[in-house]
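*Asks:* Using my numbering, the first residue of the sequence shown is number 65, and each one after it goes up by one.
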Amino acid sequence: MKSDDSLKELLGIDFPIIMAPMFLVSNMEMMKAGIRAGIMATFPSLNYRKEGELEKVLDELNAYSKNYKGSYGVNIIVQKSNPLSIKHTKICLEKKVPFFITSLGNPKEVIDGAHKYGGKVFCDVTNIPHAKKCLEAKCDGFIAVGQGAGGHAGPNPLQVLIPALKEHFPSVPVIAAGGITNGSGLLSVQVLGASGVSVGTRFIATTEAGVNDNYKNAIVSSGMDDIVMTTKLSGTPCAVINNESAKKMGYTQNWFEKWLSNNSQTKKWFKMLVQIRGMKKLEKSILPNNYETLWTAGKSSELIHDIIPCEEVVNRIKKEYEQSLSSLVNLI
Ligand SMILES: Cc1cc2nc3c(=O)[nH]c(=O)nc-3n(C[C@H](O)[C@H](O)[C@H](O)COP(=O)(O)O)c2cc1C
Numbered sequence: 065m066k067s068d069d070s071l072k073e074l075l076g077i078d079f080p081i082i083m084a085p086m087f088l089v090s091n092m093e094m095m096k097a098g099i100r101a102g103i104m105a106t107f108p109s110l111n112y113r114k115e116g117e118l119e120k121v122l123d124e125l126n127a128y129s130k131n132y133k134g135s136y137g138v139n140i141i142v143q144k145s146n147p148l149s150i151k152h153t154k155i156c157l158e159k160k161v162p163f164f165i166t167s168l169g170n171p172k173e174v175i176d177g178a179h180k181y182g183g184k185v186f187c188d189v190t191n192i193p194h195a196k197k198c199l200e201a202k203c204d205g206f207i208a209v210g211q212g213a214g215g216h217a218g219p220n221p222l223q224v225l226i227p228a229l230k231e232h233f234p235s236v237p238v239i240a241a242g243g244i245t246n247g248s249g250l251l252s253v254q255v256l257g258a259s260g261v262s263v264g265t266r267f268i269a270t271t272e273a274g275v276n277d278n279y280k281n282a283i284v285s286s287g288m289d290d291i292v293m294t295t296k297l298s299g300t301p302c303a304v305i306n307n308e309s310a311k312k313m314g315y316t317q318n319w320f321e322k323w324l325s326n327n328s329q330t331k332k333w334f335k336m337l338v339q340i341r342g343m344k345k346l347e348k349s350i351l352p353n354n355y356e357t358l359w360t361a362g363k364s365s366e367l368i369h370d371i372i373p374c375e376e377v378v379n380r381i382k383k384e385y386e387q388s389l390s391s392l393v394n395l396i
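(1) Can you check whether the CB of F79 is closer than 9 Å to the CB of M95?
(2) Can you check which of these residues, G362, D370 and P237, is closest to Q211 by C-alpha distance?
(3) Whole angstroms is fine: what's the gap from N409's alpha carbon to P85's?
(4) Starting from Y112 and walking both ways along the alpha helix (DSSP H), at which residues does that stretch end?
(5) Since L389 and T245 should fall inside the 8 Å C-beta cutoff, what is the C-beta to C-beta distance between them, to a whole number of angstroms?
(6) Does the contact criterion of 3 or more C-beta pairs under 8 Å hold for the stretch 121-141 versus the stretch 159-166?
(7) Check for me: the alpha helix (DSSP H) holding F320 runs from which residue to which?
(8) Buried or exposed: which applies to I283, given that a residue is buried once 16 or more other Cβ atoms fall within 10 Å of its Cβ?
(9) Using the C-alpha atoms, what's the distance from S252 back to M65?
(10) Which first and last residues belong to the alpha helix (DSSP H) in which Y279 is found?
(11) Could you pull out every residue in the same chain whose Cβ sits closer than 8 Å to the Cβ of K382, ignoring the five residues on either side in sequence?
(12) What is the DSSP secondary structure of G215, counted as helix, strand or coil?
(13) Using the three-state DSSP reduction, which class does Y136 fall into: helix, strand or coil?
(14) Using 8 Å as the cut-off, can you tell me whether the stretch 260-280 makes contact with the stretch 320-331, which would need three or more C-beta pairs spanning the two stretches below that distance?
(15) Go ahead and pull the three-state DSSP assignment for M86.
(16) With distance defined between alpha-carbon atoms, name the residue in A208, T271 and E356 nearest to G257.
(17) Can you tell me whether DSSP reads C203 as helix, strand or coil?
(18) Please classify V185 as buried or exposed, where buried requires at least 16 other C-beta atoms within 10 Å of its C-beta.
(19) When every heavy atom of ligand 1 is checked, does at least one fall within less than 8 Å of the C-beta of V89?
(20) Along the chain, where does the alpha helix (DSSP H) containing K312 start, and where does it finish?
(21) Should M86 be counted as a contact of ligand 1 given a C-beta to heavy atom distance under 8 Å?
(22) Quick one: does the C-beta of D188 sit closer than 8 Å to a heavy atom of ligand 1?
(23) Return yes when the Cβ of V275 is within less than 9 Å of the Cβ of L351, no when it is not.
(24) In terms of residue numbering, what span does the alpha helix (DSSP H) encompassing A101 cover?
Written as structure tokens, this is what we have:
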């Protein structure tokens, strides 16, 4: 087996890793490091909410990525409760962003717009019905978000989700997201049918990540049992480190919050309110010199033992991948 050349060609990259989009974490330094390392570096458009900021970032990345083997992409949360979804989609399409990851909602507008200039769109999926909708909108691939992922983790294990996606949609490339930090992780999901991986939590514990050192150190010191899910942050299950802040916030919405989230009259506005409040809480925990400690992370924190540059993360995965491949071949 070798790494999937068709995915590399499709995305214009040198190695099948996506540096996953991470709210408040992904920054320009990480993007540039990923592009230099030959992978697909992505960020959520919501990291740039001030007027004119996103346009500037895209100009810089378009110029920078011309010189290297990697590329970049933008994540847009296309759910109605994201007030910036339409505005950010328009800006990204005008700037001809080469790659998109859409999450939640309907990706059609992003896909139609990107396809006009050859941009590619992969959609976050956690189950078959949502994948079907994304494919009807003509997405170019899926990001299979499985159990244990950082952020909005899916409910299904990758060992089921990836083969199920390949069974239903054999010709659509699948990228695996959730719990992958090393070369054997990459190889294991390739065996299941994935063409590459999307790695989030590992890139938080990097020298470039735009978060305070307490957060980076918490990733290094946390194990898999320290990660819990909460719906309090955004209304959708989200993985966080189970520290005092998480315990204080709680893990599930009460009956009234649930009612407001499901009622057709209040749904959109209540979700928006919950998300804005959640964003504020996270912002207070992540930025330098802040002392709140509400931190998003996936179960792969178990396997992360150091804070290193992004390029070293990629080089390690490449090296471990070769080693895992040789050990596997020796087994046969
Ligand atoms: C801190 C953090 C923030 C995230 N923010 C986003 C986001 O804004 N949009 C999104 O689609 N996914 C987001 N994710 C999910 C990642 O894109 C990716 O699916 C996930 O991190 C992969 O699992 P892993 O963390 O186990 O590698 C976030 C994940 C983390 C850890």
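We put the beta carbon where it would ideally sit given N, CA and C, even for glycine.
*Replies:* Taking the coordinates as given:
(1) no
(2) G362
(3) This structure cannot settle anything about residue 409, because the visible part of the chain is limited to 65 through 396.
(4) First-last for Y112: undefined, no H or E at that position.
(5) Actually they are not in contact, since the Cβ atoms of L389 and T245 sit about 17 Å apart, beyond 8 Å.
(6) yes
(7) W319 to N326
(8) buried
(9) Caution applies to M65, whose pLDDT of 43 falls short of 50 and renders its modelled position unreliable; the model cannot decide the point.
(10) Following the DSSP letters along the chain, one finds Y279 inside the alpha helix (DSSP H) bounded by residues D277 to S285.
(11) Contacts found: F79 and G247.
(12) strand
(13) If DSSP states are grouped into helix, strand and coil, Y136 belongs with the strands.
(14) no
(15) If DSSP states are grouped into helix, strand and coil, M86 belongs with coil.
(16) Selected option, being the one with the closest Cα: A208.
(17) coil
(18) buried
(19) True, at least one ligand heavy atom lies under 8 Å from that Cβ.
(20) E308 to M313
(21) yes
(22) Within the cutoff, so yes.
(23) yes
(24) Careful: A101 lies outside any alpha helix (DSSP H) and carries neither H nor E.
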